[in-house]
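Peer 1: If you count the sequence shown from 1, position 22 lands on 22 in the numbering used here, and the numbers rise without skipping.
Cβ coordinates follow ideal geometry from the N, Cα and C atoms, glycine included.
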Amino acid sequence: MYFAALLARTEDGWEASDTELDDVETLSDLTDLARDASVDEDTVLVLIEQEDAWFGVVRVDGEDDPRIYVSDASAAARSSYGEILLTDELLGREPGDDVADLDSLDLDGTEDGEPEDDDDTTGSDTAVPHGPVGDSEILDDLGVGEKELRILDAEDALNSIAEALGASEVLETVR
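1. On the premise that A16 lies in contact with A167, defined as a C-beta separation below 8 Å, what is that separation, rounded to the nearest angstrom?
2. Apply the 10 Å Cβ neighbour rule to T26 and answer buried if 16 or more other Cβ atoms are within range, or exposed otherwise.
3. Report, in whole angstroms, the separation of the C-beta atoms of L90 and G134, which I expect to be a contact under 8 Å.
4. Starting from the C-beta of R9, find all residues in its chain whose C-beta is less than 6 Å away, skip the five residues before and the five after it, and write them out in chain order.
5. For A162 versus F55, is the C-beta distance shorter than 8 Å?
6. Apart from the five residues just before and just after S136, which ones in its own chain have a Cβ nearer than 8 Å to its Cβ?
7. I need the straight-line Cα distance from V170 to W14, nearest angstrom please.
8. Classify P95 as buried or exposed, calling it buried when 16 or more other Cβ atoms lie within 10 Å of its own Cβ.
9. Using only the alpha-carbon positions, how far apart do S74 and D52 sit?
10. Consult DSSP for D32 and reduce its assignment to one of helix, strand or coil.
11. Taking the C-alpha atoms as reference points, what is the distance between D65 and D88?
12. Residues in the same chain with beta-carbon distance under 7 Å from L33, minus the five sequence neighbours each way, listed in chain order, please.
13. Kindly indicate which three-state DSSP category E41 falls into: helix, strand or coil?
If you want it as structure tokens, here you go:
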């Protein structure tokens, strides 16, 4: 089960809105959705979580490029919403690099159970890493430092972030 919310900073604090991601297919779509919720091009946070598996934060400040943090890239990669956040740039891949392209497949007969040479790392550089990826300093200026962000448990991360922002009540209204 997923939960997604937008937190938009205003003069009076944070405003939260529940958001449906059904029509969001790309990071660009998600960024546009965040910008539409922005008041005077101020900061908007898109908070996404998949129940106890991973969470993600997308920060949009005016017309700047979005900043992204994902708590567990390998878990998010198995999720349709996570795939939106896991851009080639975020994963350190060249645009268009697919995890399983024909050049990276090992077709030397070892697929029949013969031992592989452990020195061969072909294809491993394109795999999605376990653990966090992205901008771990995404919330530093808002009161959640890199260390705090990295140790958050996926089960309660969004509540912890909202509490640090002083937005826990508004987030709870859309939960």
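Peer 2: Reading from the atomic positions:
1. Indeed they touch by this definition, with Cβ atoms about 7 Å apart.
2. Burial state of T26 is exposed, judged by a 10 Å Cβ sphere holding fewer than 16 other Cβ atoms.
3. The C-beta distance from L90 to G134 rounds to 5 Å, short enough to fall under 8 Å.
4. Correct list, in chain order: D42, T43.
5. Cβ atoms of A162 and F55: not closer than 8 Å.
6. Y69, E146, L149, R150.
7. Each residue's alpha carbon lies about 7 Å from the other.
8. Exposed is the call here.
9. Each residue's alpha carbon lies about 14 Å from the other.
10. Helix, per DSSP.
11. Rounded to the nearest angstrom, the two C-alpha atoms are 15 Å apart.
12. Within the same chain, L33 has close Cβ partners T19, V24.
13. In this structure, E41 counts as coil in the three-state DSSP scheme.
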